[in-house]
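Participant: Sharing a structure with you now.
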Amino acid sequence: MCRSPLFSRQALRAAARIHDQLTRAARTTPWAELPVESWEEAVRVASRLRYVVARGWSSAARALLEDLAYVTRQLGREINQFESNLPPADRPEPIVSLREVVEDLLALRQEFPQSHIELGENSVSVVTEPIELEGVSLGPFRIALFWKDIGRRQPYEVVAESPLPSSENDEVTHPHVAAQRLCEGSGAPAIQAALSKGRILDFFVLVNQVLQTYNPSSAHVPLDRWTGSPCHECGTLLASDEARLCERCEEPVCGDCTGSCGSCGYAFCSSCLGRCAQCEQPFCDDCLHTPDGSNSSLCETCFQQYPLQEDGHVTCFPSAPKLVAADDSAPSPETETRSAATDAATDPLCLGKAPLPS
Amino acid sequence: MKVLVINNHGGGFADYVEVPSGTTVREMFQREVPSGKPDQYLIRVNRQPVASDQALQEGDRISFTPIKIEGALPKIFDTCGA
Numbered sequence: 001m002c003r004s005p006l007f008s009r010q011a012l013r014a015a016a017r018i019h020d021q022l023t024r025a026a027r028t029t030p031w032a033e034l035p036v037e038s039w040e041e042a043v044r045v046a047s048r049l050r051y052v053v054a055r056g057w058s059s060a061a062r063a064l065l066e067d068l069a070y071v072t073r074q075l076g077r078e079i080n081q082f083e084s085n086l087p088p089a090d091r092p093e094p095i096v097s098l099r100e101v102v103e104d105l106l107a108l109r110q111e112f113p114q115s116h117i118e119l120g121e122n123s124v125s126v127v128t129e130p131i132e133l134e135g136v137s138l139g140p141f142r143i144a145l146f147w148k149d150i151g152r153r154q155p156y157e158v159v160a161e162s163p164l165p166s167s168e169n170d171e172v173t174h175p176h177v178a179a180q181r182l183c184e185g186s187g188a189p190a191i192q193a194a195l196s197k198g199r200i201l202d203f204f205v206l207v208n209q210v211l212q213t214y215n216p217s218s219a220h221v222p223l224d225r226w227t228g229s230p231c232h233e234c235g236t237l238l239a240s241d242e243a244r245l246c247e248r249c250e251e252p253v254c255g256d257c258t259g260s261c262g263s264c265g266y267a268f269c270s271s272c273l274g275r276c277a278q279c280e281q282p283f284c285d286d287c288l289h290t291p292d293g294s295n296s297s298l299c300e301t302c303f304q305q306y307p308l309q310e311d312g313h314v315t316c317f318p319s320a321p322k323l324v325a326a327d328d329s330a331p332s333p334e335t336e337t338r339s340a341a342t343d344a345a346t347d348p349l350c351l352g353k354a355p356l357p358s
Numbered sequence: 359m360k361v362l363v364i365n366n367h368g369g370g371f372a373d374y375v376e377v378p379s380g381t382t383v384r385e386m387f388q389r390e391v392p393s394g395k396p397d398q399y400l401i402r403v404n405r406q407p408v409a410s411d412q413a414l415q416e417g418d419r420i421s422f423t424p425i426k427i428e429g430a431l432p433k434i435f436d437t438c439g440a
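The listed protein sequences derive, respectively, from chains A and B. Anchor point for the first sequence: position 306 equals 306 in our numbering, and the numbering is continuous, going up by one each time. Numbering-wise, our numbering comes out as the position in the second sequence, counting from 1, plus 358.
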C-alpha cells in the first residue's frame, strides 16, 4: 500500500474529524421529526375548504381544493421520507471505529492514486481515471467529499477536471452529472449507507462506479447528443459532419438555414444573406451594391443594367404597366400624377427622391 | 469464524456473519451474491484486491461492489442530490 508520510499524517487528522462528524450526525435522528407542520397546514386548508363548500362558494372551493391536493402531496412526500429514515432496528447501528476510518483513508491511494486531503477545507477528494462512455471521452472527474456535510443529502460534489461538457448544456459534464451533482440512481442507497456508516473508501468506489456506468434511459443529456453544434439560426443540434459554417460569420448552420450567394456561390446563414432589391435573389454583402443615396442594394447584374444619372444616382426602375379600366377611360392627369407619385414612393430605390403623395 | 461482509449491491448491507473456517472469497461471494457473477463485482478483502481462491480469516473485512451502477435522473417530486 502506497503511503506517503504527509498523506498518512493528514489521514490521521482527517479521520479524527470525520469520526467526530459521523458521531454528531448519528446523534441527529432524522426519523424522529414527524412532518407536523405539513399536517397542520393540511388541517387548516381542509377546514377552510369545508367552510367555503358549506356556503356554496364554488370558485373558492376549487382553488382551495388545489391547495389541499398540493399540501397533501407534500405531506405524503415527507411521510415517505420519514419512513425511509427509520432505522432497521430499535437501536441505532454503530458507526465505524476511528481506526476503520483511518484505514479507509490510507487505502484510498491504492484505489485512486490521486487522492488528496484538504484539512483546511474539511474535504477529502480523489480523481478518477479518464472516463470514456460509448466512445465519448469525458475526462477525469474529481470526487470531493466535504465531511462536515455528512448527514446532509449529498455532502460531495463531482467536478470535471478537464470539462468536456455536452453541447446542449455546459453544466452537464457527464450524462449523470449536472452542476457538479451526481444523480446516484440505483447507487443512492448504497452511497448513503456508506456515508452514514463512515465507510469512506466504499463511498468513493461507489461514486466512481456510477461515473463509469452509462444509463441511456435516464441521462441529463444522452451520449448520442453529446457532441455537435446547434444551428445558429434554428437551434437544431448538428453532428460535426452535418454543420456548415457561414462564410461570413463562421457560425454553424444546418442545411435548411443555409443559402448560397447567387454570385460567388459561397454558403451563408440567412442573417448574412441579403437580397437584390430588383431581382430579389439572395446575395452576400460583398456581392451586393448599394448606390449612393439609396437604401437598397442591387446585385451586380441588376446594378449594371441601370446606368447612373449625372448626379450619381441610379435611374429609377420603370414602374409596372397599369391595368386600363373596362370603359377604356383614359386616366386623368391628376390620377396619373398620383399614380406616378405612388409608384415612385413605393419604388424603394426612389424613396429619397420621390415627391410625397398628396 | 466471524467476518465482516459489506454488500454494496442494493441497499449497502454491512454486518458480521459466521462462516466455516477456510471459506474462500469465491464461496463467500456465492453465498452473499447468489445471482451475481464475480467478474461483475469489485471484490476486496481488507480493502485489497484478492484472488478468488484466497481463504478468509477471522475478522476479515470483505466487500462486494457492483462494477455497473446506473445513475438516473430523479423521480418526480425528488430532487437530484438536494
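Virtual Cβ for every residue (Gly too), placed ideally from N, Cα, C.
Only counting the same chain, and skipping five residues up and downstream in sequence, which positions put a Cβ closer than 6 Å to that of residue 23 of chain A?
Facilitator: Excluding the 5 residues flanking it on each side, residue 23 of chain A has no same chain C-beta neighbour closer than 6 Å.
Participant: So, for residue 373 of chain B: in the same chain, excluding its five sequence neighbours on each side, which residues have a beta-carbon less than 6 Å away from its beta-carbon?
Facilitator: none
Participant: Give the list of continuous alpha helix (DSSP H) stretches no shorter than 4 residues that lie fully inside the segment 191 to 232 of chain A.
Facilitator: The qualifying runs are 200 to 211.
Participant: Would you say residue 428 of chain B reaches chain A, if we count a Cβ-Cβ gap shorter than 8 Å as a contact?
Facilitator: yes
Participant: Got a sec, what are the start and stop residues for the alpha helix (DSSP H) residue 363 of chain B sits in?
Facilitator: Unbroken run through residue 363 of chain B is the beta strand (DSSP E), 360 to 365; no alpha helix (DSSP H).
Participant: Please name the residues in the segment 405 to 428 of chain B whose beta-carbon is closer than 7 Å to at least one beta-carbon of chain A, in chain order.
Facilitator: Those would be 405, 421, 423, 424, 425, 426, 427 and 428, in chain order.
Participant: For residue 80 of chain A, count neighbouring C-beta atoms within 10 Å of its own C-beta (all shown protein chains included) and say buried if the count is 16 or more, exposed if not.
Facilitator: exposed
Participant: Using three-state DSSP, classify residue 150 of chain A as helix, strand or coil.
Facilitator: strand
Participant: Examine chain B for any beta-carbon lying closer than 8 Å to the beta-carbon of residue 222 of chain A, and answer yes or no.
Facilitator: no
Participant: Give me, in chain order, the residues of the same chain whose beta-carbon lies closer than 6 Å to that of residue 381 of chain B; leave out the 5 immediate sequence neighbours on both sides.
Facilitator: 414
Participant: From what residue to what residue does the alpha helix (DSSP H) around residue 54 of chain A run?
Facilitator: Secondary structure note for residue 54 of chain A: its alpha helix (DSSP H) is the uninterrupted segment 36 to 54.
Participant: Could you tell me which residues DSSP pairs with residue 300 of chain A in its beta bridges?
Facilitator: Looking at the DSSP assignment, residue 300 of chain A forms no beta bridge with any residue, so it has no partner.
Participant: So, is residue 247 of chain A buried or exposed, given that buried needs 16 or more other C-beta atoms within 10 angstroms?
Facilitator: buried
Participant: Since residue 148 of chain A meets chain E, which of its residues come closer than 9 Å, beta carbon to beta carbon?
Facilitator: In the structure shown, chain E does not exist; the protein chains are A and B.
Participant: So what's residue 406 of chain B in DSSP terms, helix, strand or just coil?
Facilitator: strand
Participant: Nearest by alpha-carbon distance to residue 204 of chain A: which of B:408, B:409, B:400 and B:419 is it?
Facilitator: B:400
Participant: Got a sec, what are the start and stop residues for the beta strand (DSSP E) residue 283 of chain A sits in?
Facilitator: Bounds of the beta strand (DSSP E) holding residue 283 of chain A are 282 to 284.
Participant: By the DSSP assignment, the beta strand (DSSP E) with residue 419 of chain B in it spans what residues?
Facilitator: 419 to 424
Participant: For residue 197 of chain A, count the other beta carbons within 10 Å of its own beta carbon; 16 or more makes it buried, fewer makes it exposed. Which is it?
Facilitator: If you draw a 10 Å sphere on the C-beta of residue 197 of chain A, you find 16 or more other C-beta atoms in it, and that means buried.
Participant: Would you please verify whether the beta carbon of residue 394 of chain B is less than 8 Å from any beta carbon of chain A?
Facilitator: It does not: the Cβ of residue 394 of chain B has no partner Cβ on chain A nearer than 8 Å.
Participant: If we define contact as Cβ-Cβ less than 8 Å, is residue 364 of chain B a contact residue for chain A?
Facilitator: Under the 8 Å criterion on CB atoms, residue 364 of chain B is classed as interfacial with respect to chain A.
Participant: Give the DSSP bridge partners of residue 141 of chain A, in chain order.
Facilitator: A:160
Participant: So residue 380 of chain B contacts chain A; which residues on that side make the cut at Cβ distance below 9 Å?
Facilitator: Within chain A, no residue comes near residue 380 of chain B; the closest Cβ sits about 25 Å away, beyond 9 Å.
Participant: Apart from the five residues on each side of it in sequence, which residues of its chain come closer than 7 Å, Cβ to Cβ, to residue 263 of chain A?
Facilitator: 283, 287, 299 and 300
Participant: Can you check whether the C-beta of residue 378 of chain A is within less than 8 Å of a C-beta belonging to chain B?
Facilitator: Residue 378 of chain A lies beyond the stretch modelled for chain A, which goes from 1 to 358, so this question has no answer here.
Participant: With DSSP collapsed to three states, give me the class of residue 235 of chain A.
Facilitator: coil
Participant: Cβ of residue 101 of chain A within 8 Å of Cβ of residue 191 of chain A?
Facilitator: no
Participant: According to DSSP, simplified to helix, strand and coil, what is residue 266 of chain A?
Facilitator: coil
Participant: Strictly below 8 Å CB to CB, what residues from chain B border residue 286 of chain A?
Facilitator: The premise fails here: residue 286 of chain A is roughly 48 Å from chain B at the closest Cβ pair, so nothing lies under 8 Å.
Participant: Residue range of the alpha helix (DSSP H) that residue 19 of chain A falls in?
Facilitator: 5 to 27
Participant: Candidates A:64, A:99, A:291 and A:66: which alpha carbon is nearest residue 16 of chain A's?
Facilitator: A:99
Participant: Could you give the distance in angstroms between the alpha-carbon of residue 155 of chain A and the alpha-carbon of residue 55 of chain A?
Facilitator: 51 Å
Participant: Quick check: is the beta carbon of residue 187 of chain A nearer than 8 Å to any beta carbon in chain B?
Facilitator: yes
Participant: Just the chain B side, please: which residues come within less than 7 Å of residue 298 of chain A by C-beta, in chain order?
Facilitator: At a C-beta separation below 7 Å, residue 298 of chain A has no neighbours in chain B, since its nearest C-beta there lies roughly 55 Å away.
Participant: Can you list, in chain order, the residues of the segment 121 to 153 of chain A whose Cβ is nearer than 8 Å to any Cβ on chain B?
Facilitator: 153
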